[in-house]
Every structure is written in C-alpha cells, then in structure tokens.
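Participant:
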Amino acid sequence: MFISTALFFIGVLGFFTRRNLVTMLMSIELILNSVNINFIAFNKYLWPGKIDAVFFALFIIAIAAAEAAVAIAIIINLYRSHQSIDVEQAAEMKY
Amino acid sequence: MNGSTIIFYLLAALTLVCGVLSVTTRMIFRAAIYLIFSLIGIAGIYLWLDYQFIAAVQVVVYVGGIVVLIIFSIFLTQQAGELLPKQANTRKIFSFLAVFCGFALTMLQVFRYDFPLMEKAGQGPDVMEIGKQMLSVEKGGYALPFEVISILLLAAMIGCIVIAIRHKPQPVIKETSK
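What follows is the structure, given as structure tokens:
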C-alpha cells in the first residue's frame with residue numbers, strides 16, 4: 001500500500017513539474033503502475049482464491065501500451081511541426 | 001524479520017528511489033533508464049507476491065515495449081546530452097506542496113481503515129486458470145473486455161499510423177547530374 005501510494009504521488013509530482021512531453025509520459029506510466037500494484041496486492045491479501053484483479057492489471061497494461069504508442073505518435077508529429085516538445089510552446093490550439 | 005521481508009523492502013526501495021530519480025533528474029535519457037529500473041522493481045514485487053504471469057507481462061510489455069518506444073522518441077526529438085531547462089521555483093514548490101498534502105491525506109485514510117486481513121494469503125494463480133477465465137463467456141468471464149481491448153489496440157495502432165504519417169512533401173525538382 002505504502003509503495004503504491006508513494007509511487008502514485010511521485011508520478012503526479014513528475015506530471016506537475018515536468019514541462020517536457022516525454023517525461024510527462026513517463027510519469028503517467030509510473031501512475032498506472034502504482035495502480036497495478038494496488039490491484040495485485042488487494043487481490044492477494046483481501047480476495048484470495050479469485051483472480052479478477054489479474055485481468056484488471058492486464059487490461060491496464062494493455063491500455064497503457066496503446067496510450068503510450070498514440071502519445072508518442074502525437075509527440076513526434078508535434079516535434080516535426082514545432083521543432084520542440086515543450087508544452088509551453090504548443091499553445092496555438094488554445095485560442 | 002525474515003528473508004522474504006528483507007527482499008520486499010529491497011524491491012520497494014529500488015522502485016521508489018528509481019521513481020524519484022526518474023522524475024527529478026534533468027537528463028532525459030537518464031530518466032528513461034531510471035524508469036526501466038523502477039519498472040523492473042515493480043515486476044520483482046509481482047514475483048514476490050507470487051503472480052508470475054503478471055510479472056512476465058510487465059517485463060515484456062513495459063521494459064521491452066514502452067521504454068524502448070520512449071527511448072526512440074527521445075532520440076528522435078532531443079539533442080543528446082542536453083539538459084532539460086530548470087523549472088521555475090514557484091512551480092516546484094507548489095507542486096511539491098500539493099503532492100505532499102495529497103500523499104499525507106491518502107496515507108491517513110489508509111492507516112485509519114483497518115483492512116480485514118486474511119491470514120492465509122491466496123496462492124498466485126496459474127496461467128491456465130487465467131486463460132480459462134479470460135476467455136470464458138459465462139458469469140465471471142472476461143471475454144467481452146478482452147475483445148474490447150483487442151479492438152482498442154487495433155484502433156490505437158491505426159491511429160498511430162494515421163497521426164505519424166508524413167504528408168506528401170512538395171515535389172522537389174531534382175537536379176540531374178550531367
């Protein structure tokens with residue numbers, strides 16, 4: 001529990017402090033992993049004999065993979081058009 | 001404190017230290033390497049909990065897939081050896097404060113609630129059971145989410161190709177060498 005929570009908030013910290021899209025993606029991976037640890041630990045200690053959390057963990061991993069792939073495609077495209085992957089410099093769509 | 005507990009604390013320390021380093025280091029490539037070690041630590045925790053299948057999936061998908069993808073994108077978008085710009089101090093302080101408050105609140109709730117701990121922890125599942133339940137269409141089966149995930153992965157793949165496709169460049173008149 002403790003490491004899961006700590007890892008989650010490390011991820012949130014990284015998400016807040018970083019201004020680079022790739023590092024923000026890494027923070028998101030950390031957050032998803034912490035949730036996975038929680039699922040598995042709960043399944044082992046509070047719900048023994050069932051394996052439902054395994055499926056949730058697997059689905060989270062699959063979704064994380066898909067999300068990372070899409071995010072990296074977007075990042076590379078953004079880099080091509082802006083020559084930078086800083087979130088401060090990608091503000092055209094705001095207005 | 002027996003050996004198993006010591007191993008757990010070692011794995012937890014590895015995971016947390018590498019996670020912290022990965023979000024605080026200013027060299028982006030090192031951040032990716034620390035992320036690899038953090039993910040390996042998490043896989044070790046799954047092994048420690050007796051969930052071998054999840055550990056294997058973790059190593060294959062994260063360490064083998066996502067981190068390689070991230071490193072590729074770093075190479076494509078970043079000049080190597082370049083430090084990330086320093087963050088503004090106010091932003092650092094405020095995000096640290098917010099994170100600390102959230103962490104404290106969550107831990108308070110966690111400690112206040114006493115979980116009904118099972119004395120005999122469950123045995124880790126074997127792969128056959130996982131496969132059977134994942135593809136069963138009866139009650140408690142996970143066939144529908146499985147198919148949905150498959151469609152999602154397919155859609156993500158096609159979406160990536162569409163996003164990253166290079167538009168046809170302007171026709172360049174080639175100088176023919178004489």
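Protein chains in written order, with the working numbering: chain A, 1 to 95; chain B, 1 to 178. The beta carbon of each residue, even a glycine, is placed where N, CA and C say it ideally should be. Note that the coordinates shown come from a computational prediction; the quantities given were computed from them, not determined experimentally.
Going by DSSP, what residue range makes up the alpha helix (DSSP H) through B:Val59?
Facilitator: Premise fails: B:Val59 is in no alpha helix (DSSP H) and is neither H nor E.
Participant: Going along chain A in order, which residues have a C-beta closer than 7 Å to the C-beta of B:Ser73?
Facilitator: Going along chain A in sequence order, the residues near B:Ser73 (Cβ under 7 Å) are Val22, Ile72, Ile75 and Ile76.
Participant: At which residues does the alpha helix (DSSP H) containing B:Asn2 begin and terminate?
Facilitator: Neither: B:Asn2 is in no alpha helix (DSSP H) and is coded neither H nor E.
Participant: Around the Cβ of B:Leu144, are there at least 16 other Cβ atoms within 10 angstroms (buried) or fewer (exposed)?
Facilitator: B:Leu144 is exposed by the Cβ-count criterion.
Participant: By the DSSP assignment, the alpha helix (DSSP H) with B:Met27 in it spans what residues?
Facilitator: Run containing B:Met27: none; DSSP gives neither H nor E here.
Participant: Let's see if you can read the secondary structure: which residues bound the alpha helix (DSSP H) around B:Leu69?
Facilitator: Residues Val67 to Thr77.
Participant: Kindly indicate which residue of B:Arg30, B:Met157 and B:Leu152 has the alpha-carbon position closest to the one of B:Ile74.
Facilitator: The candidate whose alpha carbon is nearest that of B:Ile74 is B:Arg30.
Participant: Is the region 28 to 43 of chain B touching the region 61 to 73 of chain B, taking contact as three or more C-beta pairs under 8 Å?
Facilitator: The region 28 to 43 of chain B, when compared against the region 61 to 73 of chain B, does touch it at the 8 Å Cβ threshold.
Participant: What first and last residue would you give for the alpha helix (DSSP H) that runs through B:Ile158?
Facilitator: From DSSP, the alpha helix (DSSP H) with B:Ile158 extends over Ala143 to Ala164.
Participant: When burial is assigned at 16 or more other CB atoms within 10 Å of the CB, is A:Leu30 buried or exposed?
Facilitator: Answer is buried; the Cβ neighbour count reaches 16.
Participant: Should A:Tyr95 be flagged as near chain B, meaning a C-beta pair shorter than 7 Å?
Facilitator: With a pLDDT of 49 at A:Tyr95, under the threshold of 50, the predicted position of this residue should be treated as unreliable, though the coordinate-derived value follows. So, not an interface residue.
Participant: Suppose you measure from the CA of B:Arg91 to the CA of B:Arg26; what does that come to, to the nearest Å?
Facilitator: If you take the alpha carbons of B:Arg91 and B:Arg26, they lie about 16 Å apart.
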